[in-house]
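J.:
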Amino acid sequence: MKRIEIYTEGNISLPYKELTAKYIETLTKKILTLNKVDNVALCIILTDNEVIHKINREYRSKDKPTDVISFAYRDEPFPLCDGMEEELGDIYISLEKAEEQAKDFEVTFMDEFLRLLIHGILHLLGYDHERSIEDEKIMQKLEEDILQKISG
Numbered sequence: 012m013k014r015i016e017i018y019t020e021g022n023i024s025l026p027y028k029e030l031t032a033k034y035i036e037t038l039t040k041k042i043l044t045l046n047k048v049d050n051v052a053l054c055i056i057l058t059d060n061e062v063i064h065k066i067n068r069e070y071r072s073k074d075k076p077t078d079v080i081s082f083a084y085r086d087e088p089f090p091l092c093d094g095m096e097e098e099l100g101d102i103y104i105s106l107e108k109a110e111e112q113a114k115d116f117e118v119t120f121m122d123e124f125l126r127l128l129i130h131g132i133l134h135l136l137g138y139d140h141e142r143s144i145e146d147e148k149i150m151q152k153l154e155e156d157i158l159q160k161i162s163g
């Protein structure tokens, strides 16, 4: 089972353009399934540049808005009783930043949102592009593979 909770914060509400809570849940479950992950829970918080800027400044010491920030609840998987779900963490995605980047990268808003969602989930699963160049390559390849499988 996969439990996905979706919230909005700041000046954001759903539906946003063609993005709905149901669609986000469907995408998230596909991404988790492609990574062979089951019996988990995670929260996705959709926000604006102002809110994500504050989070980025407070938790990452970067004084600017960013596109996606993930907060894993644990560094390592925690031993659980049979049938218990593991809470992976929270993913904050700035829909404003996603719109800006979609224009910059000349892709649709929905494609850019999907890329950010994949990126955030991979962080919760332990991937980290900031550890080394090799880890960055691994994560980028995985992102591209998942994007290709979902987008076709």
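Under the working numbering, the first residue of the sequence shown carries the number 12, and numbering increases by one thereafter. Note that CB positions come from ideal geometry on N, CA and C, so glycine has one too. All of these numbers come straight from a predicted model, not from anything done at the bench.
#1: Specify, as a first and last residue, the run of the alpha helix (DSSP H) that THR58 falls within.
#2: Go through its chain and collect everything with a Cβ distance to GLN112's Cβ below 7 Å, but skip five positions before and after it.
#3: Among VAL118, ASN50 and ARG142, which residue has its Cα nearest to the Cα of ILE158?
#4: In the structure shown, what three-state DSSP assignment does VAL79 receive?
#5: Between ILE56 and ILE102, which are expected to be in contact by the criterion C-beta below 8 Å, what is the C-beta distance as a whole number of angstroms?
#6: Since GLU98 sits in a beta bridge, which residues does DSSP pair it with?
T.: On the basis of the supplied data:
#1: By one-based count along the sequence shown, residue 58 stands at place 47. Not the alpha helix (DSSP H): THR58 falls in the beta strand (DSSP E), residues 51-58.
#2: Here the question's residue 112 lines up with position 101 in the sequence shown. Cβ within range, chain order: ASP78 and GLU123.
#3: The residue you call residue 158 lines up with position 147 of the sequence shown. The residue asked about is misnamed: residue 158 is Leu in this sequence, not Ile. For LEU158, the nearest C-alpha among the options comes from VAL118.
#4: Within the sequence shown, the letter at position 68 stands for residue 79. Three-state DSSP puts VAL79 in a strand.
#5: Here residue 56 refers to the residue found at position 45 of the sequence shown. Here residue 102 refers to the residue found at position 91 of the sequence shown. Between ILE102 and ILE56 the Cβ distance is about 7 Å, and since that is below 8 Å, they are a contact.
#6: Taking the first residue of the sequence shown as position 1, residue 98 is located at position 87. Answer is ALA52, bridged to GLU98.
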